[in-house]
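Residue numbers (the numbering used here), protein chains in the order written: chain A, 7 to 89; chain B, 3 to 172.
We put the beta carbon where it would ideally sit given N, CA and C, even for glycine.
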Amino acid sequence: MSLTVRTLFFASYRDLAGTPELPVELEEGARVQDLVQALRERGGGFSQLPEAPAVAVNRTYAPLSRPLAQDDEVAFIPPVAGG
Amino acid sequence: MVPEPPTSRIHARITSEPLDPAAALASARTDADGALLLFVGAVRNHADGRAVTGMRYDAYVDMAQEVLLGIAGEAAEELGSPRVWVEHRIGRLAIGEASVVIVSASPHRQESFDAVRYVIEEIKKRLPVWKKEEYVDGEEGWVAGRTPPGTGAAEVATGEQQAAEQGRGA
């Protein structure tokens with residue numbers, strides 16, 4: 007069994023990923039930290055993503071231990087600079 | 003007879019349209035409000051000793067809209083300011099243009115001062131918005147930001163990093 011999540015990248019993380027959006031397939035039961043690891047292992051700019059980035063799952067900030075579900079929207083959030 | 007007090011009014015929006023502070027003030031106030039506070043965050047022409055010619059704002063729009071509405075609601079409920087109006091602009095802004103406009107209107111001044119301060123500080127902490135400075139020499143760079151609370155990144159962020167993140171921006 008596997009699940010697919012939709013990952014979004016913004017600002018400096020988008021520069022690293024080279025794309026605003028990417029579907030990622032993970033094993034059932036995967037958590038945010040597993041997604042981060044899977045992306046970093048893709049190499050290239052992805053390997054420069056932090057080990058513990060800020061992430062939002064379905065538009066709410068979430069810890070790395072957050073379990074993921076099919077079709078979750080997982081956004082990688084660089085340090086924010088509004089105002 | 004004392005008029006019936008107006009109900010609480012919250013407005014929050016992420017927009018690519020230019021912001022109009024005077025219109026915001028007029029839109030937020032009611033006849034019950036004796037204290038109208040307006041905060042305008044504007045693009046300035048310098049950063050860390052470098053000349054800046056413009057700023058490009060990017061946002062996770064769907065989430066930023068929800069977070070901004072939540073912040074405005076907290077300011078109203080927890081700080082007791084019944085009218086809170088806030089908009090944050092995205093896209094390319096020229097020097098002097100307003101990037102954020104906050105209005106708080108309440109019967110007395112204390113609640114309005116508290117609410118406006120709360121909204122701008124929370125925007126800095128957790129609104130998923132980023133900005134890229136454009137320098138006079140043609141270079142550009144993302145402005146160093148702050149790690150939002152409630153994430154894995156916040157768990158590992160050091161006090162030193164957090165201290166370095168203070169005092170940046172508007």
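With distances taken Cα to Cα, identify the nearest neighbour of Glu89 of chain B among B:Pro5, B:Ala25, B:Thr9 and B:Ser108.
Nearest of B:Pro5, B:Ala25, B:Thr9 and B:Ser108 to Glu89 of chain B, Cα basis: B:Ala25.
How far does the alpha helix (DSSP H) with Val69 of chain B in it extend, from its first residue to its last?
Its alpha helix (DSSP H) spans residues Val63 to Leu81.
Along the segment 123-150 of chain B, where does the CB come closer than 8 Å to a CB of chain A? Name the residues.
Result list: Ile125, Lys126, Lys127, Arg128, Leu129, Pro130, Val131, Trp132, Lys133, Lys134, Trp144, Val145, Ala146, Gly147, Arg148, Thr149 and Pro150.
Would DSSP call Ser71 of chain A helix, strand or coil?
Three-state result, Ser71 of chain A: coil.
What are the boundary residues of the beta strand (DSSP E) that Pro23 of chain B is part of?
Pro23 of chain B -> not in any beta strand (DSSP E); alpha helix (DSSP H) instead, spanning Pro23 to Ala30.
Name the two residues that bound the continuous alpha helix (DSSP H) containing Leu32 of chain A.
Leu32 of chain A -> not in any alpha helix (DSSP H); beta strand (DSSP E) instead, spanning Glu27 to Glu33.
With burial defined as no fewer than 16 other Cβ atoms inside 10 Å of the residue's Cβ, what is the status of Pro151 of chain B: buried or exposed?
The residue is exposed, with fewer than 16 neighbouring Cβ atoms inside 10 Å.
Given Ala75 of chain A, which residues of its chain have a CB within under 7 Å of its CB, disregarding the five upstream and five downstream residues?
Cβ within range, chain order: Leu9.
Could you give the distance in angstroms between the alpha-carbon of Ser71 of chain A and the alpha-carbon of Tyr137 of chain B?
Cα to Cα, Ser71 of chain A sits roughly 40 Å from Tyr137 of chain B.
Using a threshold of 9 Å, state whether the C-beta atoms of Leu38 of chain B and Val103 of chain B are closer than that.
No, they are not a contact pair.
Any idea what DSSP makes of Gly56 of chain B, helix, strand or coil?
The answer is strand: DSSP assigns Gly56 of chain B an E or B state.
Taking the DSSP output, what are the residues bridged to Gly143 of chain B?
Gly143 of chain B pairs with B:Glu135.
Which two residues bound the contiguous beta strand (DSSP E) that contains Leu38 of chain B?
Looking at the DSSP string, the run of the beta strand (DSSP E) that includes Leu38 of chain B is Ala37 to Ala44.
For Ser114 of chain B, which of helix, strand or coil comes out of DSSP?
Correct three-state label for Ser114 of chain B: helix.
Answer with yes or no whether the minimum CB distance from Ser2 of chain B to chain A is below 9 Å.
The structure shown does not extend to residue 2 of chain B, since chain B is modelled only from 3 to 172, so the question has no answer here.
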